[in-house]
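**Q**
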């Protein structure tokens, strides 16, 4: 089953033109964490999801 959060996050990053590194800086995590999130390897914590949601508004 595809990880919907990973797919949406990956799409959002592409649509905004941000690099994973710049997105990571805005959310306050490492670029490696963002990479892991977008591949579905790990899930972001609630605080990171909240910050992502604020960016996408």
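Residue numbers (UniProt numbering): 1 to 57. Ideal Cβ placement from N, Cα and C applies to all residues, glycine included.
#1: To the nearest angstrom, how far is it from the Cα of residue 1 to the Cα of residue 43?
#2: Hey, is residue 3's beta-carbon within less than 8 Å of any beta-carbon in chain D?
#3: Return helix, strand or coil for residue 32, following the three-state DSSP convention.
#4: Since residue 42 is in the alpha helix (DSSP H), which residue starts that stretch and which ends it?
#5: If you check the beta carbons only, do residue 21 and residue 6 fall under 8 Å apart?
**A** If we stick to the structure as given:
#1: Below a pLDDT of 50, predicted positions are generally treated as unreliable, and residue 1, at 42, falls in that range; no measurement from the model is reported.
#2: No chain D appears in the structure shown, which is made up of a single protein chain.
#3: Three-state DSSP puts residue 32 in a helix.
#4: Here residue 42 belongs to no alpha helix (DSSP H), and DSSP marks it neither H nor E.
#5: No, these two residues do not count as a Cβ contact at 8 Å.
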